[in-house]
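**Student:**
In my numbering, the protein residues as written are 221 to 377.
(1) Please classify residue 305: is it buried, with 16 or more other beta-carbons within 10 angstroms of its beta-carbon, or exposed?
(2) Give the straight-line distance between the Cα atoms of residue 235 and residue 310, rounded to the nearest whole angstrom.
(3) Okay, do the segment 362–369 and the segment 222–240 touch, 3+ Cβ pairs below 8 Å being the bar?
(4) Report yes if the C-beta distance between residue 347 and residue 336 is below 8 Å; otherwise report no.
(5) Ignoring anything shorter than 3 residues, give me the beta strand (DSSP E) runs that lie fully in the segment 340–376, in order along the chain.
(6) Buried or exposed for residue 293, going by 16 or more other Cβ atoms inside 10 Å?
(7) I think residue 247 touches residue 260, with their Cβ atoms under 8 Å apart; what is that distance to the nearest whole Å?
(8) On a Cα-Cα basis, can you pick out the residue from 334, 250 and 324 that is closest to residue 290?
(9) Looking only at its own chain, which residues have a Cβ that is under 8 Å from the Cβ of residue 323, when we skip the five neighbours before and after it?
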């Protein structure tokens, strides 16, 4: 068994869509980034790459490569899943949390879980997504940024 940890943070800005776990969440701001800036999926990707000791999202999909400009992070996750399978690894489970003061994310969590489970080729019961606030503390609490953290367990096939 291999355990991985991933974490990502992006600034919230006007004029961008807010995409989390492949779900577009209605909000007046979105996350700034080269791809769709989906912090949740980025944290999932980094957790899986970490468990495989295969680097990080920035090394695999550099923000200097226009091939990834505006790309759905779920497409990047699919590429990581292919590497995971080639390495004879399978997801046992993952647990992720989104850190944001606003907007309220509860109505979108199940769709995020479904999207991530589908991209992973995993049962939804193996995918946990939660959201929390920072009670107004830090950049997430001030509405300047959003973060996500994820741990995963991979098993050899």
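Every residue gets a Cβ at the ideal spot worked out from N, C-alpha and C, and that includes glycine.
These numbers come from a predicted model, not from an experiment.
**Tutor:** From the atom records:
(1) Start at 1 with the first residue of the chain shown, and residue 305 comes out as number 85. So residue 305 ends up on the exposed side.
(2) By one-based count along the chain shown, residue 235 stands at place 15. By one-based count along the chain shown, residue 310 stands at place 90. When rounded, the distance between both Cα atoms is 38 Å.
(3) yes
(4) Indexing the chain shown from 1 puts residue 347 at position 127. Indexing the chain shown from 1 puts residue 336 at position 116. Yes, the Cβ-Cβ distance between residue 347 and residue 336 is below 8 Å.
(5) 347–352 and 365–376
(6) By one-based count along the chain shown, residue 293 stands at place 73. Residue 293 should be labelled buried.
(7) Position 27 of the chain shown, counted from the start, is the residue given in the question as residue 247. Position 40 of the chain shown, counted from the start, is the residue given in the question as residue 260. Between residue 260 and residue 247 the Cβ distance is about 14 Å, and since that is not below 8 Å, they are no contact.
(8) What you label residue 290 is simply residue 70 of the chain shown in a count that begins at 1. Taking only the C-alpha atoms, the option nearest residue 290 is 250.
(9) Along the chain shown, read from residue 1 onward, the residue named residue 323 stands at position 103. These residues qualify, in order along the chain: 238, 245, 246 and 247.
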